[in-house]
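Comments concern the structure below.
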Amino acid sequence: MADSSFDTVVVGGGPGGYVAAIRAAQLGMKTAVVERDQLGGICLNWGCIPTKALLRSAEVGHILNHLGDYGFAAKDISFDTKKIVERSRKVAKQLSNGVGFLMKKNKITVIEGSATLAGGGKLDVTKDGKAVGTVAAKNIILATGARARALPGLEPDGKLVWTYKEAMVPEALPKSLLVIGSGAIGIEFASFYRNLGVVVTVVEVLDRILPVEDEEISAFAKRAFEKQGMKIFTATNVTALKKNGNSVTATLTTGDKSQTIEAERVVLAIGIVGNVENIGLEKTKIKVEKTHIVVDQWCATSEPGIYAIGDVVGPPWLAHKAMHEGVMCVERIAGLNTVHPLNTNNIPGCTYCMPQVASVGLTEAKAKAAGYQVKVGRFPFIGNGKAIALGEPEGMVKTVFDAKTGELLGAHMIGAEVTELIQGYAIAKTMEGTEQDLMATIFPHPTISETMHEAVLDAYGRALHI
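Under our numbering, the residues of the sequence shown are numbered 46 to 511, in order.
Here is the structure:
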């Protein structure tokens, strides 16, 4: 390595890591990123981006299967799984290459290898078991991310039992698929495979799917998925997986009742664990709880000069949360006085299934549990002209307000393109907008965004189109 001393070294080149590095470079810091695999991390290479490419293909397939509804006809419609996967991988590669360009543009040194804390502001870097060198930094930011969780008896083998990685690159579609876990990752894969004709079963240990979402949205989603032909088991454990020649027999336990189902493939989507091993934490004062690094509101660890951001510090496990933490952390290091701690209630969450799900802030139940008196508004997509014109009338928007102050506490959406719409509510929350601000905002017509306006109006008994 030509350079071995830096102002800031970031360990991990995922969304949080590379954004932190760019911001550090913008602020005049001599910066390096140590990455053991691919720039862009899991998100760009094996997560957020390639899965959206896959889901886009499934969406195109869905439209093709309903051509008659739009006045078209086509014969012998088919798809090529290999080409669908190839397109997804090309999209990921393009963006990963783009991150490399951004590193060069901002004069950030990229060091290929694995980094281990060596004490005294130093990091030992190795690659393929061989020493690359030692780098020193005034500030070290750990952005090592996380990996899929495995449970005893439910370990993935990459052949019959998949993690997200194998599920993204199938050589051929299985005839049937069992998805264990109904969070965003599980439901997105369930939606992708179901829309391409695979028989899909989803099992969730909690009492409802998409458990972090508002209960009404979860119930709406369950009805929509079951209408599409998904089989869904809630409050159910998978207690055993028996691998056969080209299939898996799963034992499902609901209460005191058990049954078995057979599927060609299984996808594990039961959470993640932080990548805290083999990075030298044992040589520091850094604390780890439930596989995640403990940090303060500024992402500082218990070891002076060492920070941690992104998935490795815990939920919500979202790329945009990691990016925000990266910028906030670096600006704090630089001493900027305009930095504010991260408010997780202002972080939107999106699930790119069909129909899409998006939310920000408190659910109705959590708002009430926190002691708020609430006003709740709802508006269905069936009352929106643009949604009907698109042929996407299935959906709803729900808003939760503080009855005393008019503060927007939460917003919850399901339907076409709501992952693009939720940012409107996120901006309102960040700017501490009230119901009056949202009511006074003029929403363009005809757009699906009008459902957002109507859901606010409905909370105060003023809805116009229902």
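Cβ atoms here follow ideal geometry from the backbone N, Cα and C, with glycine treated the same way.
Return the CA-CA distance between residue i and residue j, expressed in angstroms with no decimal places.
| i | j | result |
| --- | --- | --- |
| residue 142 | residue 357 | 24 Å |
| residue 375 | residue 310 | 43 Å |
| residue 218 | residue 78 | 38 Å |
| residue 460 | residue 98 | 19 Å |
| residue 206 | residue 95 | 20 Å |
| residue 171 | residue 371 | 24 Å |
| residue 65 | residue 118 | 50 Å |
| residue 458 | residue 428 | 15 Å |
| residue 282 | residue 411 | 26 Å |
| residue 324 | residue 432 | 50 Å |
| residue 292 | residue 406 | 41 Å |
| residue 55 | residue 72 | 15 Å |
| residue 426 | residue 437 | 8 Å |
| residue 196 | residue 68 | 38 Å |
| residue 188 | residue 352 | 9 Å |
| residue 505 | residue 422 | 7 Å |
| residue 137 | residue 87 | 10 Å |
| residue 185 | residue 467 | 34 Å |
| residue 111 | residue 103 | 13 Å |
| residue 214 | residue 475 | 38 Å |
| residue 365 | residue 61 | 8 Å |
| residue 76 | residue 336 | 27 Å |
| residue 305 | residue 249 | 15 Å |
| residue 382 | residue 314 | 40 Å |
| residue 256 | residue 175 | 44 Å |
| residue 290 | residue 201 | 16 Å |
Using a 10 Å radius around the Cβ and a threshold of 16 neighbouring Cβ atoms, would you call residue i buried or exposed?
| i | result |
| --- | --- |
| residue 498 | buried |
| residue 462 | buried |
| residue 388 | exposed |
| residue 340 | buried |
| residue 360 | exposed |
| residue 133 | buried |
| residue 334 | exposed |
| residue 139 | exposed |
| residue 116 | exposed |
| residue 131 | exposed |
| residue 51 | buried |
| residue 83 | buried |
| residue 90 | buried |
| residue 349 | exposed |
| residue 114 | exposed |
| residue 312 | buried |
| residue 424 | buried |
| residue 483 | buried |
| residue 446 | buried |
| residue 491 | exposed |
| residue 220 | exposed |
| residue 121 | exposed |
| residue 485 | exposed |
| residue 465 | exposed |
| residue 472 | exposed |
Excluding sequence positions up to five away, which residues of its chain have a Cβ less than 6 Å from the Cβ of residue i?
| i | result |
| --- | --- |
| residue 169 | 161, 163, 179 |
| residue 502 | 508 |
| residue 63 | 144 |
| residue 80 | 58 |
| residue 229 | 396 |
| residue 159 | 81, 171 |
| residue 390 | 406 |
| residue 181 | 50, 166, 167 |
| residue 151 | 67, 70 |
Return the chain-ordered list of same chain residues with a C-beta closer than 7 Å to the C-beta of residue i, the five sequence neighbours on each side being excluded.
| i | result |
| --- | --- |
| residue 254 | 227, 232, 247, 263, 266, 267, 277, 279 |
| residue 192 | 317, 318, 320 |
| residue 435 | 461 |
| residue 362 | 191, 317, 356 |
| residue 413 | 419 |
| residue 449 | 418 |
| residue 126 | 215, 217, 218 |
| residue 522 | It is not possible to answer for residue 522, since the shown part of the chain is limited to 46 through 511. |
Indicate, with yes or no, if the ligand SAM has a heavy atom lying under 7 Å from the CB of residue i.
| i | result |
| --- | --- |
| residue 93 | Inclusion of the ligand SAM in the displayed structure is not the case, the ligand content being empty and no account of it being possible. |
For residue i, which residues in the same chain have their Cβ closer than 8 Å to its Cβ, ignoring the five residues on either side in sequence?
| i | result |
| --- | --- |
| residue 300 | 280 |
| residue 303 | 284, 296, 297 |
| residue 488 | 494, 495, 497, 498 |
| residue 328 | 162, 163, 164 |
| residue 177 | 46, 156, 157, 158, 170, 171 |
Quiz item: Between the stretch 270-285 and the stretch 411-425, do three or more beta carbon pairs fall short of 8 Å?
Solution: Result no; under three Cβ-Cβ pairs closer than 8 Å.
Practice problem: Report the residue ranges of all alpha helix (DSSP H) runs contained in full by the stretch 82-165; include only those spanning at least 4 residues, in chain order. | Solution: If you keep only unbroken alpha helix (DSSP H) runs of at least 4 residues inside the stretch 82-165, you get 86-91, 93-109, 126-150.
Practice problem: Answer yes if the stretch 228-247 comes into contact with the stretch 384-404, meaning at least three C-beta pairs across the two stretches below 8 Å, and no otherwise. | Solution: The stretch 384-404 makes contact with the stretch 228-247; the number of CB pairs closer than 8 Å reaches 3 or more.
Self-check item: alpha helix (DSSP H) runs contained entirely in the stretch 383-431, provided each spans 4 or more residues
Solution: As far as the stretch 383-431 is concerned, its whole alpha helix (DSSP H) runs of at least 4 residues are 409-414.
Practice problem: Tell me the start and end of each unbroken alpha helix (DSSP H) in the stretch 306-369 that is at least 4 residues and wholly inside, in chain order. | Solution: Segments of the alpha helix (DSSP H) lying fully in the stretch 306-369: there are none.
Exercise. Any chance you could list the beta strand (DSSP E) runs of at least 3 consecutive residues sitting entirely within the stretch 240-299, in chain order?
Key: Whole beta strand (DSSP E) segments, 3+ residues: 244-248, 276-278, 282-288, 293-299.
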